[in-house]
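Quick notes on the structure that follows.
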Amino acid sequence: MSNIGSQLGARYIALGDNQRAVEHLETALRLDPSSAFAHLNASLALYFLKRSDQGRAIRAQCDPADAWAP
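Numbering-wise (the working numbering), the sequence shown opens with residue 31 and increments by one.
This is how it looks when you write it as structure tokens:
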């Protein structure tokens with residue numbers, strides 16, 4: 031489910047519905063706290079919602095090496 035939540039969140043970002051993206055990505059992070067994809071996308075959606083402080087806090091929880099792992 032966390033992978034689906036991450037994918038839905040990314041799609042909602044692309045559609046411009048950032049609030050809905052954050053909801054799906056927060057669920058994905060609760061289910062899989064190690065998901066770099068969800069961390070990065072949640073921080074991006076929060077940035078678009080003008081909540082960059084929260085976005086930076088979420089991004090800080092992510093290991094940058096995991097973001098580029100296959």
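Glycine included, every Cβ here is placed at the ideal spot set by N, Cα and C.
Nearest residue (CA-CA) to S36, options E56, K80, R89 and Y77: Answer by Cα proximity: E56.
Identity of the residue in L61, F78 and A66 nearest R50 by Cα: Nearest neighbour of R50 by Cα position, chosen from L61, F78 and A66, turns out to be F78.
A75 and V52 closer than 7 Å at C-beta: Yes; because the gap between Cβ atoms is below 7 Å, this pair is in contact.
CA nearest to the CA of H69, picked from G46, R89, Y42 and D83: Checking every option, the nearest Cα to that of H69 belongs to R89.
Inter-residue spacing [alpha-carbon to alpha-carbon] between P63 and L38: Their Cα atoms are separated by approximately 17 Å.
Local Cβ density within 10 Å of L45, reported as buried at 16 or more and exposed below that: By the 10 Å Cβ count, L45 comes out exposed.
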